[in-house]
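Q: Before I ask anything, let me first share the structure, which is written out below as structure tokens.
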Amino acid sequence: MVNADGTLWAGERYMELRAPVNRPDSGGDGMTVDQEGRPFITSFVGIQMFDATGRLGGVIAKPSDKGCVSVAFAGPDRSWLYACAGDKVFRRKTLTRGVYLPGKGSE
30 MVNADGTLWA GERYMELRAP VNRPDSGGDG MTVDQEGRPF ITSFVGIQMF
80 DATGRLGGVI AKPSDKGCVS VAFAGPDRSW LYACAGDKVF RRKTLTRGVY
130 LPGKGSE
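See below:
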């Protein structure tokens, strides 16, 4: 539950993003979710993937030295992971698919 001041009541951490050794924060920014309910979150260390219980499952290396700020599943079968870094868009074929949102594209 969210209190009027924006704090959580009876809440607990679901997941914790990893931060680089030389940074006080993770730089978490963009997020997408695959069909298994796994969050993929951009950060200073790369795209961090968590399982549905909030445990870190792995980190996909940043596609460039620039900050990675957006991520989404798209393309055929929503099986390509697209990431924006600097002024470029990168993509990577995955073994999973992005979650299907009715009315947002073809199944």
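For reference, each letter of the sequence shown is one residue, going 30 to 136 in my numbering.
Ideal Cβ placement from N, Cα and C applies to all residues, glycine included.
On a predicted model such as this, the values are computed, not experimentally measured, just so you know.
Thinking C-beta only, is G127 closer than 8 Å to Q77?
A: Here residue 77 refers to the residue found at position 48 of the sequence shown. Here residue 127 refers to the residue found at position 98 of the sequence shown. Against a cut-off of 8 Å, the Cβ pair of G127 and Q77 comes out as no contact.
Q: Among the candidates K117, D94, T123, whose CA atom is the shortest distance from the CA of G75?
A: The residue you call residue 75 lines up with position 46 of the sequence shown. Measuring from the Cα of G75, the nearest candidate turns out to be D94.
Q: Whole angstroms is fine: what's the gap from A178's alpha carbon to L110's?
A: The structure shown has nothing for residue 178, since the chain only spans 30 to 136.
Q: Would you list, in sequence order, the uninterrupted beta strand (DSSP E) runs of no fewer than 3 residues that lie entirely inside the stretch 95-131?
A: 97-103, 109-114, 117-122
Q: To the nearest angstrom, how far is it from the Cα of F119 to the Cα of A33?
A: Working through the sequence shown from its first residue, we reach residue 119 at position 90. Working through the sequence shown from its first residue, we reach residue 33 at position 4. The straight-line gap from Cα to Cα measures roughly 39 Å.
Q: Could you name the residues that DSSP lists as bridge partners for L37?
A: As a working note, residue 37 is residue 8 in the sequence shown. In the DSSP output, where bridge partners are listed per residue, L37 has V31.
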